[in-house]
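Take a look at the structure below.
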Amino acid sequence: MRVLGFLVALILIVGVARADVAPSPLEQAQALTENAIREFDANAAAIDQRTGLGAELKTRLQTHHSQLGAYTDPETALRLAQLDAQLVDQLAKQSYVNLGAVHGAAAAVLPSIGSKKRAYPIALYVPSSAAPAKADPPLIIYLHGKGESEADVIASPIVRAWADLSGAVVLAPYASTSDMLSDGTIADLISVASAGADAMPVDRRHIYVAGNSLGGFAAFKLLAAQPDHWAGVLVIEGAVAQDDSDSVAAHVHGKPIYLVAGANDASISAAYLRQLGAWLGTHGALVTYYEQPNGTHSLASVAPMAGKAWHDMLAGVVPASATVETVPSGQTPQPNRP
């Protein structure tokens, strides 16, 4: 009986101790995402009516939930879940945050974007280093890669570190990767950039567009569509699609463009990006090329050189580029499709 009593007491002590232990970041992320899925399901019809993205958002939530355990940094997983949960809650309640009041990271919604005037998801990071600045901070519109979301961008410790060091505000728009390069999506992204800049205290003379991978393709399209809007363009392991070569060539003169390549990138090769830099230069672009040794097709693998490009762009620096390969007159380099 004494042994049984001891075991019962031990179980009670352990139970109390476990109750006092706060859930881990991963456990918090899983709970947040599960709650977001339940809230989405309860308001699916209304969310789809407001955004036209119901099915895509549900798939995204499910995908993020299934991948949370794969994050090497549980804090990143938690930040991603927090952004997803904020977005669903705003869309369900049709109560959107004031962009001008955001400090740190936040999901947000622009209520009337595009020809269909639908609610448009974005994610935002306003670093504390932007607050004490005497002048309004620069704004970077950051376009995510294929299979990613705006929440992935703002949850990234890499992007947040760049923003913290530079004092730049980062706005990441949602974009469906299945039609990210369509004329309709590009028009929506331009509207998002304009509406975001109007809603925040940022320096309208220093608005930049950046993108990695598929987002880099889209960044070139935004440059061609609205060249006077951008103070500079940062493309990380992205390219110019062949269909866009004429429009890009016609609008890059005098524009600072920063190209980042991974030396071992099998998707968008460094050799291609060197050729692209030369081709852009023949059309008057102010091209700076950065190549990350051993870099592959991932943002983390090229982060050191990409961070330098980010800093140079915001500082207005156009340092000497690495030697670029020449392109025969009248030809454009052949990009890999996203």
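Just so you know, we're using numbering that gives the first Met the number 0 here: the sequence shown kicks off at 0 and counts up by one.
Ideal Cβ placement from N, Cα and C applies to all residues, glycine included.
Which listed residue (the options) has its alpha carbon closest to that of residue i
i: Ala171; options: Asp178, Ala162 and Ser177; result: Ala162
i: Lys145; options: Asn263, Gly210, Gly294 and Arg203; result: Gly210
i: Ala218; options: Ser65, Ile189 and Ala196; result: Ile189
i: Leu285; options: Val301, Pro303 and Leu258; result: Leu258
i: Ser111; options: Gln81, Gln48, Asp72 and His63; result: Gln48
i: Gly51; options: Tyr141, Lys220, Asp40 and Tyr119; result: Tyr119
i: Ile206; options: Ala105, Ala265, Tyr288 and Trp309; result: Trp309
i: His143; options: Leu213, His64, Ala105 and Gln89; result: Leu213
i: Ala196; options: Pro137, Ala104, Tyr173 and Asp182; result: Pro137
i: Asp182; options: Ala194, Ala69, Ala45 and Ser114; result: Ser114
i: Glu33; options: Ser244, Gln85 and Thr295; result: Gln85
i: Tyr173; options: Leu56, Ala269, Leu31 and Ala80; result: Leu56
i: Leu223; options: Ala269, Glu290 and Ser244; result: One point to set straight first is that residue 223 is Ala, not Leu, in the sequence displayed. Ranking the options by Cα distance to Ala223, first place goes to Ser244.
i: Glu26; options: Leu79, Ala54 and Leu180; result: Leu79
i: Gln29; options: Pro73, Gly53, Ala43 and Leu109; result: Pro73
i: Leu187; options: Thr295, Leu31, Lys220 and Ala269; result: Checking the sequence shown, residue 187 turns out to be Asp, not Leu. When each option's Cα is compared against that of Asp187, the closest is Lys220.
i: Arg159; options: Gln93, Thr75 and Gln81; result: Thr75
Alpha-carbon spacing of residue i relative to residue j, whole angstroms
i: Tyr124; j: Tyr271; result: 32 Å
i: Leu233; j: Val96; result: 28 Å
i: Ile267; j: Val239; result: 11 Å
i: Met199; j: Lys116; result: 20 Å
i: Asp242; j: Asp178; result: 15 Å
i: Thr281; j: Phe216; result: 19 Å
i: Val316; j: Ala150; result: 29 Å
i: Ala192; j: Asp202; result: 13 Å
i: Arg59; j: His228; result: 31 Å
i: Ala321; j: Val168; result: Because Ala321 sits at a pLDDT of 42, beneath the cut-off of 50, its placement in the model cannot be relied upon, and the following sentence gives the value as read from the coordinates. Computed Cα separation, rounded: 29 Å.
i: Ala35; j: Asp83; result: 7 Å
i: Ile185; j: Gln274; result: 25 Å
i: Glu147; j: Ala134; result: 33 Å
i: Arg66; j: Pro292; result: The displayed chain sequence assigns Gln, not Arg, to residue 66. C-alpha separation (whole angstroms): 29 Å.
i: Asp40; j: Trp278; result: 49 Å
i: Asp264; j: Leu98; result: 37 Å
i: Ser175; j: Gly253; result: 31 Å
i: Leu90; j: Ile46; result: 6 Å
i: Ala305; j: Gly294; result: 11 Å
i: Thr287; j: Ala230; result: 14 Å
Nearest-angstrom Cβ-Cβ length linking residue i and residue j, presumed shorter than 8 Å
i: Val152; j: Ala122; result: 6 Å
i: Leu298; j: Ile157; result: 6 Å
i: Pro255; j: Met312; result: 7 Å
i: Gly283; j: Val251; result: 6 Å
i: Pro24; j: Leu77; result: 4 Å
i: Ser300; j: Gly237; result: The pair is not a contact, with the Cβ atoms about 15 Å apart (cut-off 8 Å).
i: Val101; j: Glu38; result: Contact doesn't hold; Cβ gap of about 21 Å is too wide.
Start-to-end residues for the alpha helix (DSSP H) that takes in residue i
i: Glu26; result: Pro24 to Ala41
i: Gln66; result: Gly53 to Gln66
i: Val201; result: Looking at the DSSP string, Val201 is not in any alpha helix (DSSP H), and its letter there is neither H nor E.
i: Val87; result: Pro73 to Lys92
Start and end residues, beta strand (DSSP E) containing residue i
i: Ser246; result: Where Ser246 is concerned, there is no enclosing beta strand (DSSP E), although the alpha helix (DSSP H) it sits in stretches over Ser244 to Ala248.
i: Val234; result: Gly231 to Ile235
i: Tyr257; result: Pro255 to Gly261
i: Val108; result: Gly103 to Ile112
Note to self: Give the list of continuous beta strand (DSSP E) stretches no shorter than 3 residues that lie fully inside the region 278-326.
What the structure shows: 285-291
Item checked: Within the region 119-186, ranges of the beta strand (DSSP E) (whole runs, at least 3 residues) -> 138-142 and 168-172
Margin query: Threshold first: 3 residues or longer. Then list the beta strand (DSSP E) segments lying entirely within the region 204-229, N to C.
Written below: 206-211
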